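Here is the structure we will look at, set down as structure tokens.
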Ligand code: HH2
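See the structure below:
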């Protein structure tokens, strides 16, 4: 899953793709590099971020979806929209989004019903708290058990609302109300999240945990991010959310060839 943030303030690519020509070029590059899903975000959810007004988020995301839809449909590449807002979900689905990636796991009023009433897939992410304050006073008794229970409950709520199991992806939410230690336990024991039986998405790309382990700035975290992606796939992750599609896909291709013993 290649990431495209059309925001002024995302922690890595904020401000780079606000211009729609550059955004479309970036998506084409990610497709050429081997992305299987494109995830478009119109609101940053980095720690400390302020919420974006719904109208602004729609204006950032919808015109891009409309522009990208023909070529993504042609390649059978799903367009995912990273949003917490029901109104944005509705507008995005109407404009051709085939996946909603929600860091609030469809907890906003009307969100479950909106996705259930469409054919879109959903990615349910575990977050403790809200982006503005989620890295303050982070406490878990048992991070694995708590993340698992939350994801199971949200997935069951989706199924009860009429979202077929095949449309559901879960994500432990690396960095969303978690310390470096929590993120490492979650990655190390990812098989326990995989055991829930839903495809698992992992997003560690360029995050501060990679910085804490390598001592590198955001701009220099590609190798660390690729290592985390391989560790996640080795433990059963189905989707890797990455800013650096080319490097991640290359690493995964080599990994898969070695794992299967075939080209
Ligand atoms: N991480 C971010 C945003 N959305 N979605 C999923 N499913 N998993 C993640 O780990 C995840 C996510 C944060 O990264 P990014 O979009 O690059 O930054 P920002 O929130 O600053 O736009």
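Numbering (my numbering), first residue to last: -1 to 261.
Heads up, the beta-carbon is just placed ideally off N, CA and C, and yes, glycines get one too.
Since this is a predicted model, take the numbers as computed values, not measurements.
Contact between residue 122 and residue 168 is confirmed by a C-beta separation of about 5 Å, below the 8 Å threshold.
Taking non-hydrogen atoms of ligand 1 into account, the C-beta of residue 113 is found less than 7 Å away from none of them.
The continuous beta strand (DSSP E) containing residue 98 extends over residues 97 to 100. Annotation for residue 241 indicates a beta carbon within 7 Å of some heavy atom of ligand 1.
Two segments are said to touch when three or more pairs of C-beta atoms, one from each, lie closer than 8 Å; by this definition the stretch 141 to 157 touches the stretch 107 to 114.
Remark: C-beta atoms of residue 242 and residue 220 approach each other more closely than 8 Å. Taken through DSSP and simplified to helix, strand or coil, residue 78 comes out as strand. When only Cα atoms are considered, residue 133 and residue 71 end up about 38 Å apart. Non-local beta-carbon contacts of residue 99 in its own chain, meaning distances under 7 Å to residues more than five positions away in sequence, involve 37, 78, 79, 80 and 121 in chain order. Closer than 7 Å to some heavy atom of ligand 1: that describes the Cβ of residue 8.
In its chain, beyond the 5 residues on either side, no residue has a beta carbon closer than 7 Å to the beta carbon of residue 232.
Per the Cβ contact rule, the stretch 194 to 208 is in contact with the stretch 221 to 229 (3 or more Cβ pairs under 8 Å). Closest option to residue 170, judged by alpha-carbon separation, among 192, 82 and 118: 192. If the five residues before and after residue 42 are omitted, its C-beta is found closer than 6 Å to the C-beta atoms of 5, 7 and 8, all from its own chain and listed in chain order.
Residue 121 has 99 and 167 as its beta-bridge partners, per DSSP.
At a Cβ-Cβ threshold of 8 Å, residue 40 and residue 58 count as neighbours. Inclusion of residue 129 and residue 44 in the CB contact set at 8 Å is warranted, their separation being smaller than that value.
Each of 114, 85, 190 and 119 was checked against the Cα of residue 97, and the nearest Cα belongs to 119. When DSSP states are grouped into helix, strand and coil, residue 240 belongs to the strand group. Of the candidates 12, 55 and 0, 12 places its Cα closest to the Cα of residue 217.
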